[in-house]
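For the record, in the sequence shown the residue sitting at position 86 is 86 according to full-length UniProt numbering, with numbers rising by one throughout.
Backbone N, C-alpha and C define an ideal beta-carbon position, used for all residues, glycine too.
No experiment lies behind these values; they were computed from the predicted model shown.
Everything below concerns the one structure shown next.
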Amino acid sequence: MAQLGQKIFHDPSLSASGRQSCASCHDAAFGHAQPNNLAAQLGGPLLDQQGGRQSPSIRYLATNKAFYFAKDGTPTGGFFWDGRAGSLQDQAGQPFLNPVEMANGSKDEVIQRLAAAAYAAEFRQVFGDGIMGNAEAAFQRVTLALQQYQLEDPQFRPFSSKYDAFLLGKIPRLSDQEMRGLALFNNPGKGNCLACHPSARGSDGSLPLFTDFSYDSLGVPRNPELRQNSDPAFFDLGLCARVGDDLAQRKDLCGLFKVPSLRNVALRQSLFHNGRFKTLKDALSFYVQRDTSPEKWYPANADGSVNKFDDMPQEFHRNVNVAEVPYNRQPGDAPALSDSEVDDVIAFLRTLTDGYQP
């Protein structure tokens, strides 16, 4: 089943354009994230329709759970930036039918394309000779195979970074700059990155995933590269506005997006849900200077004031994280990290890239 899933994952013929597969937006060479710096990938029948969000990495998701609220009320888990999918299987099925992604008109259309694939006989052998005659059942098997591929193939959780080698004792230490960056990453008074991106091994000895699977609102600036943002009345509100409207009444969740894993983050050329930043330097500088120098990151209003948190309506500005370090600053304050300290943290983040050879 996993071998079938691998073939499906890399098969562009299952899209309306015939040119887009799961691997197009989740490239193994880029940590199973998008392979370019676009704010959102292009899809649709002609590959000319822009999506609404950056394609996140699907690596290291095997331990993720369906969306839930933790005991303290923290929204946690789920798949996609808004947690709307409950499993790897659920997540795998949605792009096939999304009009701006693989753009099939129905599950039946997906299965018709599958029936013409070179591995169709193998699909029947695994799931039964008559499986293609029931589009609903066949589509369910397609997504099941994709899930099994992600669960079984070690490429989706290699734990092969330099930092893993360090934690496992395969190398004695990181470089001086990388060690400084790790200390700043973990320091609750400096980077405080570990608040959402735990870096230590678990109590069971498991290696860290660099995400707690929670959600946060960071006030990321609006990205004019997204076509949907050409409408000034449009705002991507994340968790409270996801498909199904199950959280529509939770106005306190508007503007919150899922905390991604930082593993392989140095391979990414488009960062945050809206792809607003293209480099780690810009992303980390935004983190620590968002509140000390907001004029660097947000446009000006007509009266010259800063239009801070410009990618969400004023009523939801209260949801933005302004309490935790490094966001608890005021204009004119010193940032939590200096420019050279930002460089140190970036050096550490580069140790999270898989494929390190001691």
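Check	Outcome
Between the C-alpha atoms of M257 and D82, what's the straight-line distance to the nearest angstrom?	The identity of residue 257 in the sequence shown is Phe, whereas the question assumes Met. C-alpha separation (whole angstroms): 6 angstroms.
Would you call the CB atoms of R276 and A39 closer than 9 angstroms?	yes
I believe V100 touches G51 by the beta-carbon criterion, under 8 angstroms. Please report the beta-carbon distance rounded to the nearest angstrom.	5 angstroms
Sort F9, D204, A323 and D246 by Cα distance to G189 and report the nearest one.	A323
Starting from the C-beta of Y287, find all residues in its chain whose C-beta is less than 7 angstroms away, skip the five residues before and the five after it, and write them out in chain order.	P326
Can you list, in chain order, the residues of its chain with a C-beta nearer than 7 angstroms to that of A233? Leave out the 5 residues immediately preceding and following it.	none
Considering Cα atoms alone, identify which of D245, M1, L352 and Y149 is closest to C22.	Y149
For T63, I'd like the list of residues in its chain whose CB is within less than 8 angstroms of its CB, leaving aside the five on either flank, ordered along the chain.	L209
Can you tell me whether DSSP reads Y327 as helix, strand or coil?	coil
If you run the structure through DSSP and keep just helix, strand and coil, what is D216?	strand
Using the rule of at least 16 other Cβ atoms within 10 Å of the residue's Cβ for burial, across every protein chain shown, is E341 buried or exposed?	buried
Since T351 and S161 should fall inside the 8 angstroms C-beta cutoff, what is the C-beta to C-beta distance between them, to a whole number of angstroms?	6 angstroms
Given this structure, state the Cα-to-Cα distance separating G128 from M1, to the nearest angstrom.	12 angstroms
If you run the structure through DSSP and keep just helix, strand and coil, what is K7?	helix
Using 8 angstroms as the cut-off, can you tell me whether the stretch 214-234 makes contact with the stretch 315-322, which would need three or more C-beta pairs spanning the two stretches below that distance?	yes
Taking the DSSP output, what are the residues bridged to G52?	None, per the DSSP bridge assignment.
Among P75, F185, L144 and A85, which one has its Cα closest to the Cα of F9?	L144
Does DSSP classify T63 as helix, strand or coil?	coil
Would you give the residue range spanned by the alpha helix (DSSP H) that V342 belongs to?	D339 to L349
Please report the straight-line C-alpha distance between R84 and L253, rounded to a whole angstrom.	14 angstroms
I'd like to confirm the pairing. Which residues does DSSP put opposite G44 in its beta bridges?	DSSP lists no partner for G44.
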